[in-house]
Amino acid sequence: MKISTKGRYALRLMLDLATSDPNELVTIKSIAERQGISDKYLEQIIIVLSRAGFVKSTRGAQGGYRLTRPASEYTAGEILRQIEGSMVPVACMEDEPNRCPRSGQCATLDLYKEIEAAVRKVVDNITLADLAARQREKCMTTDILDFSI
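Mapped onto my numbering, the consecutive letters of the sequence shown carry residue numbers 208 to 356.
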């Protein structure tokens, strides 16, 4: 399974909101600038996240976005599934029950199920708060090891 650009950007957008002051609204423009992503592209993503109830929007001159729940209550998996849809590694697994006429004797189907379970185990056990902590750690390490002259 390959995560699309849209999925990667959704995680970055949510991570940006998670690392922002929870009492302040964040504009798409400011996220776009920090993340180096087109604000038009982020607008498409934020609409999906807003409709899913992941973010709350406030209109107006002082408007913007914020998370609807604490960062610890979002998993990478739920964010990716909201944007990507199914995260199965092969098309034949998209239907449940599996409609492939060969599924009963398909040895590779078991492999694909194991791959899906492994991916699910990872993405469903990493929260937005975990990613925010990793980001803070990486930023501190980068700042410490900056040997520029």
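Glycine included, every Cβ here is placed at the ideal spot set by N, Cα and C.
Excluding the five sequence neighbours on either side, which residues of its own chain have a C-beta within less than 7 Å of the C-beta of residue i, listed in chain order?
{"i": "G271", "result": "L232, V233, T234, T265"}
{"i": "E250", "result": "I235"}
Would residue i be called buried (16 or more neighbouring beta carbons within 10 Å of its own) or exposed?
{"i": "Q312", "result": "exposed"}
{"i": "I254", "result": "exposed"}
{"i": "T348", "result": "exposed"}
{"i": "K334", "result": "Note that residue 334 corresponds to Thr in the displayed sequence, not to Lys. Burial call: buried."}
{"i": "L318", "result": "exposed"}
Give the range of the alpha helix (DSSP H) segment to which residue i is assigned.
{"i": "T212", "result": "212-225"}
{"i": "K236", "result": "235-242"}
{"i": "R258", "result": "246-258"}
{"i": "V329", "result": "314-330"}
{"i": "E291", "result": "283-291"}
Whose CA, out of the options, lies closest to the CA of residue i?
{"i": "T226", "options": "G267, A340, M347, K345", "result": "A340"}
{"i": "A324", "options": "I252, G260, E250, S293", "result": "S293"}
{"i": "E301", "options": "L249, G284, K320", "result": "K320"}
{"i": "K247", "options": "K209, N305, Y216", "result": "Y216"}
{"i": "M208", "options": "E250, V326, I252", "result": "V326"}
{"i": "Y281", "options": "C346, L218, S211, D228", "result": "L218"}
What is the residue span of the beta strand (DSSP E) that residue i lies within?
{"i": "G271", "result": "271-274"}
{"i": "T265", "result": "262-265"}
By Cβ distance below 6 Å, which residues in the same chain neighbour residue i in space, the five residues on each side in sequence not counted?
{"i": "I322", "result": "P296"}
{"i": "C299", "result": "C307"}
{"i": "A336", "result": "A278, S279"}
{"i": "A283", "result": "V330, I333"}
{"i": "L316", "result": "S310"}
{"i": "G214", "result": "L287, I290, E291"}
Using C-beta distances below 8 Å, list every residue in its chain close to residue i, excluding the 5 sequence neighbours before and after it, in chain order.
{"i": "Q342", "result": "L222, T226"}
{"i": "S257", "result": "K263, S264, Y272"}
Closer than 8 Å is the cut-off here; do at least three beta carbon pairs connect the segment 240-248 with the segment 214-230? The segment 240-248, when compared against the segment 214-230, does touch it at the 8 Å Cβ threshold.
Check whether the segment 327-347 touches the segment 280-298, counting contact only when three or more Cβ pairs, one atom from each stretch, lie closer than 8 Å. The answer is yes - the segment 280-298 touches the segment 327-347, with three or more Cβ pairs under 8 Å.
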